[in-house]
Amino acid sequence: MVSKIRREFHQRFEKEALVAAAPGRVNLIGEHTDYNEGFVLPGAIDKKIYVAIAKNDRQTLNFYATQYQQEFSCALQDIRPVQGWPTYLLGMAYQLSQMGHAITGMDVLIEGDIPIGAGMSSSAAICSAFGVAMNELFTLGLSRMSIALTGQKTEHDFAGLQCGIMDQFASMHGKAGHLMKLDCRSLAYEYIPFHFPDYKIVLVNTMVSHSLAGSEYNLRREQCEEGVAVLRKIFPSTHSLRDASLEQLARCREQMPEIVYRRCHFIVDENSRLLQGCVSLAKGDLASFGQNMFLAHDGLSKLYEVSCKESDFLVAHARTLKGNVGSRQMGGGFGGCTINIVQDDFVDEFVLSMRTAYEKQFNIVPEYYVMQIEDGAKLMR
Numbered sequence: 001m002v003s004k005i006r007r008e009f010h011q012r013f014e015k016e017a018l019v020a021a022a023p024g025r026v027n028l029i030g031e032h033t034d035y036n037e038g039f040v041l042p043g044a045i046d047k048k049i050y051v052a053i054a055k056n057d058r059q060t061l062n063f064y065a066t067q068y069q070q071e072f073s074c075a076l077q078d079i080r081p082v083q084g085w086p087t088y089l090l091g092m093a094y095q096l097s098q099m100g101h102a103i104t105g106m107d108v109l110i111e112g113d114i115p116i117g118a119g120m121s122s123s124a125a126i127c128s129a130f131g132v133a134m135n136e137l138f139t140l141g142l143s144r145m146s147i148a149l150t151g152q153k154t155e156h157d158f159a160g161l162q163c164g165i166m167d168q169f170a171s172m173h174g175k176a177g178h179l180m181k182l183d184c185r186s187l188a189y190e191y192i193p194f195h196f197p198d199y200k201i202v203l204v205n206t207m208v209s210h211s212l213a214g215s216e217y218n219l220r221r222e223q224c225e226e227g228v229a230v231l232r233k234i235f236p237s238t239h240s241l242r243d244a245s246l247e248q249l250a251r252c253r254e255q256m257p258e259i260v261y262r263r264c265h266f267i268v269d270e271n272s273r274l275l276q277g278c279v280s281l282a283k284g285d286l287a288s289f290g291q292n293m294f295l296a297h298d299g300l301s302k303l304y305e306v307s308c309k310e311s312d313f314l315v316a317h318a319r320t321l322k323g324n325v326g327s328r329q330m331g332g333g334f335g336g337c338t339i340n341i342v343q344d345d346f347v348d349e350f351v352l353s354m355r356t357a358y359e360k361q362f363n364i365v366p367e368y369y370v371m372q373i374e375d376g377a378k379l380m381r
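Here the sequence shown stands for residues 1 to 381, where the numbers follow my numbering.
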């Protein structure tokens, strides 16, 4: 891929390129907890976005995405949010300029093998790869966390998605053979070994495209904030749902709309599941961890209501299959992939059964991806 993108860049811009790559991510457990200052447990994967970059002698940004065969150009002084993939590149350049960094004109080519809309956070990978590339090209001296936070601000200001920090953090800080328990309040993190050589992470794609910006995702965030406001009246030290217990939530139930109570109940429960899951992984108890994944899906479907009939079907069918220890919907919701932990000897059988059952039910053949946990964003020397 690196050789290919270097050749394509040279053919299009007639110069040599600096190349950076950043991975997508999976999150084993802890969904929608990041913007509630809770915990998440992601890992970087072996599917990436690649960015080739070089300075030009004009105050112009020239972008080309080989996946879409689309180009985009604008003057540096005219940067503003746009529709589609260019907005992430524009946002990163704009945010770094606003921070006082001297960003000049550049030519950029992006390529990748992260499936779009499958919940593996291709947008965060674009921001991360471009951030690493600009950091090197302009000698900015940025830390990995600074690049991740710039990517998050780009999502907020240029894509209209009020996301937490998990996706950008995981793309920047990934470590092969490890998950990352990230405290989304303090940004402290620790690596959790995920070394189960007899098991694979298998994603099954519903093929249902989801767009969260400006719709249900942001609504869930508002509902959580509404719940926190009620909790704070009785428990003044409640800064976010991270601070709440189920007992406290129950005491406030009558003061909340039922839908707000259900949203908050899921988040409080999900934080607890994640912490229990880390203890299980430390003991090598993958079976207990998998059971918490099933419980997480039940909550996503019934309490947080970000699932869909296709995801529910895949998880229900996966529960019946030999060799599968845990399944749930992954990502923001409303489609995308389910994530499953499957014993190596049963992966082929698992995939065949899932695809056959799903095609029979929905007349759609789902894609699947067998994942490996890899390192985070880096320059490709």
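Every residue, glycine too, gets a C-beta built ideally from N, C-alpha and C.
Comparing alpha carbon positions, the residue from Asp269, Phe346, Leu281, Arg25 closest to Gly174 is Arg25. Nearest Cα to Cys184 within the set Gln77, Tyr35, Leu295: Tyr35. Look at the segment 258-338 and you find these whole runs of beta strand (DSSP E), each 3 residues long or longer: 324-329.
Residue range 347-362 is occupied by the alpha helix (DSSP H) that includes Glu349. In chain order, Gly177 place their CB closer than 8 angstroms to the CB of His195, counting only its own chain and leaving out the 5 sequence neighbours on each side.
Inter-residue distance for Leu41 and Ala54 is about 35 angstroms (C-alpha atoms, whole angstroms). Sixteen is the threshold: since fewer than 16 other Cβ atoms of the shown chains lie within 10 Å of the Cβ of Asn363, the residue is exposed. With respect to Gln70, Asp198 sits apart: the two C-beta atoms are not nearer than 8 angstroms. Around Gln255, the same chain offers Val230 as residues with beta carbons nearer than 6 angstroms, after the five sequence neighbours per side are excluded. Within its own chain, no residue has a Cβ closer than 6 angstroms to the Cβ of Ala102 once the five positions on either side in sequence are excluded. The continuous alpha helix (DSSP H) containing His173 extends over residues 166-173. Boundaries of the beta strand (DSSP E) around Arg25: 18-27.
Take Phe346, set aside five residues on each side of it, and the residues of its chain with a beta-carbon closer than 8 angstroms to its own are Leu321, Lys322, Gly323, Asn324, in chain order. Taken in chain order, the unbroken stretches of beta strand (DSSP E) that lie wholly in the segment 78-134 and span 3 residues or more are 106-112. Cβ-Cβ distances below 6 angstroms link Asp46 to Gln372, Glu374 in the same chain, with the five nearest sequence neighbours on each side left out; the list follows chain order. Comparing alpha carbon positions, the residue from Thr104, Leu275, Ala93, Ile49 closest to Met380 is Ile49. For Met145, the enclosing alpha helix (DSSP H) begins and ends at 144-158. The Cβ atoms of Met354 and Ala318 lie closer than 8 angstroms to each other.
Gly105 has its alpha-carbon roughly 48 angstroms from the corresponding atom of Tyr358. Taking C-beta separations shorter than 8 angstroms and ignoring five residues to either side along the sequence, the partners of Lys4 in its chain run Glu111, following chain order. Counted as a single uninterrupted DSSP element, the stretch harbouring Ser237 is not any alpha helix (DSSP H), since DSSP gives it neither H nor E. Contact between Leu89 and Phe138 is ruled out by a C-beta separation of about 15 angstroms, above the 8 angstroms threshold. Taking the C-beta atoms as reference points, Cys264 is found no nearer than 8 angstroms to Leu300. Taking each of Lys200, Lys360, Gly164 in turn and checking the Cα distance to Leu187, the smallest one comes out for Gly164. Annotation for His178: the continuous beta strand (DSSP E) segment containing it runs 178-183.
In terms of Cα proximity to Phe72, the closest of Asp107, Met92, Ala159 is Asp107.
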